[in-house]
Each structure stands twice: as C-alpha cells, then as structure tokens.
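Protein chains in written order, with the working numbering: chain A, 1 to 492; chain B, 1001 to 1479. Just so it is clear, CB atoms sit at the ideal spot from N, CA and C, and this is done for glycine as well. One structure below.
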C-alpha cells in the first residue's frame, strides 16, 4: 500500500477504531481522531514536497484489480490539481477535528463520521478509476447525513435529508453517464480513457447525452444555479466542522469532476455547450451574490457567498483556455481556505456570543479584536483583494473568461460576472461593519476572544491564503502539468 | 434413477417429516430446531459436493440439475438456515406450534429448491404449489385476525395466479405439444413464426409466475401478508420465496421461450415494462408507510422490480448476459433482508409494536442493533460500500449494455425515492427520543445472524468478486 492510499484510508482507520473499541472514553476518541487527522496531513505535505512537476502526470499511483469481470480496478494517483485538493482536504480535516475537540454530544460517533467523511473526499480526489470515483462520491453522503442531522442546528433533519436527496439525485444521473462512458470506451480507467479518447468508437449513447448526465451530478455538488438550493440549508444547519468540510472541501468535488471528467473526456461537447455553462456561471455569480446581500444569518450569508464563488470556478472552467482553467483550479483551493476560515470564525463567533443573527451582533471588535482581524482577512480574501489567494484566482478566471475567444458571448458573460466582485465587496464589508464595528454592545462584554488553539488553526488557514496570494507559483507550478495538456485540447 | 442428484431436496423433506414424527413422540423445542438445522446443513453438504459439471436431467427431464441450481440451492439453504435461527427470537409467539412451524418451513424450502431446478412445466407447477401452500399455512400461523386475513389474501390472489399460470401452461402445451422446457423451445424453433397460442400462453405463464415474486400487478397480497404474518415468515417470504420466484422465471423463459429469435426480446421488453412499474409503485407506496413490515413489503416489491431488470437483460441478450448479475443481486438482497429483519424481530419483541415510531432512539437503546439495521437499510438503498450497491451496479451495467438506458434512469431515480423512506427509519432510530430509554439486547440468535449478514454485506460491497466469480460460473445452459 503506497503513501497515497495510506493518506486516504488513515482517517477511515481512525473512524473504525473509534467505532469498534468498546467502552472507549471521549478523551481517547479525541486522541485517535487527532492522530488520524494529523497523519494524512503530514503525508500529503510530504507528497506535495516530493511531487515532481517536471515529470507531470499522475504520481504516487497504486493500482490492483478489483472487479475483473467489468474491468474495474482500485487505481489511485494524483496530479497537481488532485494533490492540491488532497492537501486542502487533509488540512481542513485536521482543522475540523481541532474545531470540534470540545464536542460534548456523542463525541465518539461525531469523530467517526467526520473521519469517514474525510476519507471519502480524499478518495474522490485521488481516484483514477471511474467506478472507484463513484463509490467514494456516494460514500460521502452517509457521514454527512449523520453529521448534519445530529450535531447541526435549526432545521437540521430537513436540511440533512435535502442534502442526501439532492446528492443522490445528481449521482443517479452520474452513474448512468459513467456506464455510458464504460460501454463506449470499454474501461473505467481514467488514464486509459485520456489516452484513447472517446472518438468515433461505437457509442452506447450520444456523447452529448453522456456529458450532460455526468455534469448534472457535478453541477448539483458545485453547486450551479438552479441546482443550488440544498447548499444554504445544509451549510447553515451543519455543525461548524461539517460546514468547514462541506464548503471548504466537499463542494470542490463538483468542480474537480467537471475538470477531470467532463472537460477531460468530452472536449468537443464542452466547447459546444460552453456558452450555456458560462451563462449558468454568470447567473450563479450574480444571483448568488445578490441573495447573499439579503442574508441576516451569518452562516447562511457565508453559504450563499459560496454559490457566487463557485460560479467563478464554472466560469473559469468553461473558458477552455489555460489561464481560465488555472484560475478555476486556484479558486477551488483558495475558496477552500477562505471559506474554511470564514466558517471557523463564524463557529467561534456563534459559540462565544450565542448569537448568529447579524443585526443583533455589533461592535465586537472591542471584545474580540483577534476574531475581528481574522474575519477581516477572510473577507478581503473573499473580495479578491490583491495579496490574497482570492485575488490571484479570480483575476485569472476573469482573464481567462475574457479571452475565451472560442466561446460565443464570453465577453458579455464575463463583464456581467464582474459585478460579482462588487457584490462580494458589498456583502463582506457590510457584514464586517455590522458585526465587528460600530458601537460596542454591553451584552457582549463578557465574551472572550480566540483561545490559543483557535488562533493556531485560523493562523494555518491565513498562512495558506497569503502564501498562495503572494507566491502563487507554489500552486501553479504543480498545477501547470495538470492543466496544460487539457488546455491544449482547445488550442491552448 | 439418478436419486443422488436430488439428495438436498430429499434431506429437507425427510427432516420435515422427522420433525413431525418427533413432535408426536417427544415434543421439544430444541429437538425440532436441531432436526431442522441439521437437515439444512446436510442438504447444504449434498448441494455443495454434488456433481454439477454437466447439466443432468432427472426424472425424464422434469428437473435439471446444473450450476445454476447449485448456486440457488446454496443460497436458499443459507437463507433458510438464517431464517430458522432468527425465528427463535420469535419463539414466544409460536410456542405451541413450533414443530409445525419448522416442518412447514422445510416443506416450503423443498418446494423452493425444486423451483430452482424445475425444467418442465409440470414440475415447475408442482414446486410452486408446494411452496405456496406451505406459505399459506405459515402466514396464518398466528391465528389472530390479521394473520388469518393475511393468509386468506395470499391464498386468494395466489389461487388466481395459479389458475392463470395453469391456463398459460395449457396454451403453451397446445402450441408446442410438450411440457419439457427444451421440447417447447425445440417445437417453437420449427415454426416459421411464434404462434398466437404460444405467445398468449407465454404471457399468461409470466403473469402467474409474477405472483411469487410479488411484481405488479400481482403484488397486492404482499403488504397485508407481510404485515399479518409472523415476522420470521415475512422474512422467509421476502428473502427466499421471492428469489425462488425470480429464479424460476429466469429458467423457464431462458430455456423455453427462445425460439423464434424475436421471442426473447418480446418477454425481455415485457419484463422491462413490468420492472419499471413494479419498482416505481413499490417505492412510491412505501413512502407513506408507518408500519415497518408494510414498509419492507413495499420495499421488497421495489426490489422485485430491480431484479426484473436482470430478467429483462437476460431476454434482450438472448440469455448471454444478466444471469450472474441477477444471482448476485438475489444474494445481496437476501443478506440485507436477513440483517434488517433479524433486528426488526429482536427489537419489536421488546416494543410489542411494528410501528416505525417505536424504533425511536434505538441508536441509544442498542447501538449494535442500530448499526446492523442501518447497514442493512443502506444496502437496500444501494449505497456503497455495501453489497446492495454492487448488486445494483452489476444489474444496471448489463441493462445499459442492452439498450435499456431509459429503464436505468427510472431505476436510479427510484433509488433516490427509496433513500427517502429508508432514511426516515434511520432518522427515527438516530434522532428521536425514545419513549422508554431502557437498553434493548439484540438477542443471541438474531444478533449472530445479523452480524454475519452485515459482515457479508460489507465484504461483498468491498470485494464483490468473491461472489461474482461464483455467479459467473453458475449460468444456465442455453438451448
């Protein structure tokens, strides 16, 4: 078993230990959870350090036969994009364990589900076999259901069920698409599919139909308007750790899937339907941003902002050129860090003040200066201010989208999408003002600021945001070999 | 005579008689169970070690013993073993009729085993009737109003189905002058075109056979029967008799109705349409159920629909595909039903109700029962990493390959519907506060079977090839 497989399955092993050891104390289950989250993080940092961008392609591969009669294999490996997302996921997985150390309610079950969730997401980002990819994709539903429905707040049962049904609805189509693909190309193996292409081989169903079946599954997850309505509910009602995983890492599976499968295997269909998806991206950005403006619940606000920010990903992907794709990939990582930070901050805010209604909060910069600083940094990241990872990602997306000459109407879509930046500035700044500035409220006088642990994990995320913002090459160097071959499909 | 080919059936029938005799001489709970289980184990040994290298005709081709029989025999025997072990968790309600219960279960099993090998319309009919009549009695065993109603309903609809089936058989015999499945196929092959009698007979036969599997439109008996029957019998009906019903459809149609060429496609398509109706109706009606046994009855109907996809693939591919997937599906479904029902038996024993609301807070009252039940339900939903996912995957793969993409879209959307009501049960167990916080023990017999089934569900979900390989070498011989 190679280092990548180890990274994927360590959290699951932790979950298993927590689940089966009889009479395990809460304290020990925390320790096991920490260990099962730290080790994959260390391993993925190590993989990031030794990944060889010059060689490109998929590295740290592991493969063996799984179901020979249909040619499905256990095949994992990472290229630059997968690697960054694996790193992001294991970082957020670690942070969400840290965030939940104080969980009192059924801590064993909580950590077991959380770790299982991490394994399934890591699996999605590393699978090079479509069936394996789908299996990991589906497994994620169960832990998320339990996390939201039990440790969530508000209408948690409704939100959890809605989340599950939306996901299953999307993946139902995706499965049909994967099967169509399998019978067209005769394999589930992604590298083989890339090499052979789908070409004019005998097709079990039209390529465009397959493309749409697949992209519905991804669009639900990303989410793309009008399939986004599960997201605000699920994000809002989930416990902080699950919100961080959901917004930071899980919805990236949608963007990743489009990149890896829909664009990688269906370049012609992607080019043909690019205007449609750019238009949907535009609607997601503007509509998502506009709705965000009206939110009064702090978590709901961050949730809706994700709809808008994921629109940038879609816009970048369907620019179908190098810079746009690079922007989309950067945005996946950057949004993971920024939203992770926002949800972590919101979690601390709600935990310490017992208040989530923006109008009832105010002047908290006095009582919680450090949190105010953290939120400000996250906000400027979300607004795309230069120096943060948000800037470099969104700027690349717009550059790419603007110069997407092959896509009809791209200029119009791009210009309208630009208002998304303004909207982001509007809702982030007003929220910041309302919550942290203005006259201090005496009700919050006894509220404490960040603890050392909270400073530590917020610091980790802030480091990530500025690292990519100030030195983007750290990400783009490994991304380059993953994106360049794809971009060349449409002539660069 | 090749008696040794039917040693498993003989062992079961002999044990059934022995149980009745022993009960007359010395009534004892453990003796009955011991004879029954010993009979099943003996039969399994015979079934396992038998010679299946060549399909063997027994009694002038009344039965054909082949690899397909072996797979189904072993499956049916294991399921029955599980059911009989699990029933001891229900002993309190069957105390006075324990020997009769065991004996009748074995008679039903004899019928089902014969169903897996019957290769003549007459032997098929006899096997089906042995099974059905044993079940009429088993279902009515509680002798209360619900149980009797359940039995009566099953008997009436079963009677109608038998009549239709018999009529179909007569028509087929009239058209082909044979009752042996291979004779029918041979006779039909010499005709220039499928005669009206043959076509009509085939569809009547299909209609009658759909009863046992509880497919639309012969599903109406299932919910009431499942609800009223003793829970182990409900499990038996759903996990074993459904499988035997599907298996006999597969054998009869794959062997008898293959000539002329278009005939397979005809019944393949008919099965596809019935499949779509069956799963949709089953799932939609399951949504509003509040009684766990009724809900599982509707879910079982839906699963019949998924299995009919397999039948349809067999038809559309002229028998060349779909069989292994169907066998795998049967095994996965039986395992999930065993896990779910054993825990339902264990839990409802404490609750004295079959209402789903009674399961509130089960995750705290018995974490093990909750985990096993949930795993079974996830497998029925078809989520990875369970056997149910792999089963659906294999069946769906074959269907897409043979041009049934529309049916697969219907099926996967149905899976989403089913997720709703399975999750509803999980939600009640996981989130709602129990009326009585006292602990519940999963029980030794029910717990053991559920743990074994759950382990098998996970094993087949992660490494399906261990069973798929066996299924792939257990195919029916094509004429």
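Mind reading off the beta-carbon distance from residue i to residue j? Whole number of angstroms is fine, and I expect it under 8 Å.
i              : j              : result
residue 81/A   : residue 259/A  : 7 Å
residue 1292/B : residue 1356/B : 5 Å
residue 420/A  : residue 311/A  : 7 Å
residue 217/A  : residue 171/A  : 5 Å
residue 279/A  : residue 413/A  : 6 Å
residue 1305/B : residue 1275/B : 5 Å
residue 125/A  : residue 85/A   : 4 Å
residue 53/A   : residue 477/A  : 5 Å
Using a Cβ cut-off of 8 Å (strictly closer), state whether residue i contacts chain B.
i             : result
residue 9/A   : no
residue 180/A : yes
residue 138/A : yes
residue 67/A  : yes
residue 216/A : no
residue 32/A  : no
residue 125/A : no
residue 158/A : no
residue 307/A : no
residue 321/A : no
According to the Cβ coordinates, are residue i and residue j closer than 8 Å?
i              : j              : result
residue 1098/B : residue 1107/B : no
residue 1231/B : residue 1345/B : yes
residue 344/A  : residue 262/A  : no
residue 36/A   : residue 115/A  : yes
residue 1185/B : residue 1234/B : no
residue 99/A   : residue 219/A  : no
residue 256/A  : residue 332/A  : yes
residue 576/A  : residue 238/A  : With chain A covering only 1 through 492, there is no way to say anything about residue 576/A.
residue 342/A  : residue 382/A  : yes
residue 1449/B : residue 1338/B : yes
residue 1137/B : residue 1104/B : yes
residue 32/A   : residue 18/A   : yes
residue 316/A  : residue 407/A  : no
residue 94/A   : residue 30/A   : no
residue 1121/B : residue 1215/B : no
residue 1119/B : residue 1062/B : yes
residue 271/A  : residue 490/A  : yes
residue 1205/B : residue 1169/B : yes
residue 1457/B : residue 1375/B : yes
residue 1325/B : residue 1394/B : yes
residue 1329/B : residue 1271/B : no
residue 175/A  : residue 1419/B : no
residue 1397/B : residue 70/A   : yes
Using 10 angstroms around the beta-carbon of residue i, count the other beta-carbons present and answer buried if the total reaches 16, otherwise exposed.
i              : result
residue 195/A  : exposed
residue 1400/B : buried
residue 277/A  : buried
residue 1229/B : buried
residue 295/A  : buried
residue 359/A  : exposed
residue 150/A  : buried
residue 1095/B : exposed
residue 439/A  : exposed
residue 1024/B : exposed
residue 367/A  : buried
Is there a Cβ of chain A sitting closer than 8 Å to that of residue i, yes or no?
i              : result
residue 1384/B : yes
residue 1397/B : yes
residue 1415/B : yes
residue 1400/B : yes
residue 1045/B : no
residue 1309/B : no
residue 1412/B : yes
residue 1409/B : yes
residue 1405/B : yes
Check your understanding: Which residues, in order along the segment 1418–1435 of chain B, keep a beta-carbon less than 7 Å from a beta-carbon of chain A?
Key -> Within the segment 1418–1435 of chain B, the residues whose Cβ lies closer than 7 Å to some Cβ of chain A are 1419, 1420, 1423, 1427, 1430 and 1431, listed in chain order.
Point to revise | Chain-ordered residues of the segment 1451–1471 of chain B with a beta carbon less than 7 Å from chain A | key: In summary, the residues of the segment 1451–1471 of chain B whose CB is separated from some CB of chain A by less than 7 Å are 1464, 1465 and 1468, in the order they occur in the chain.
**Study point:** Residues from the segment 1361–1381 of chain B in contact with chain A, defined by Cβ distance under 7 Å
**Key:** Identification of residues in the segment 1361–1381 of chain B having a C-beta nearer than 7 Å to some C-beta of chain A yields 1378, given in sequence order.
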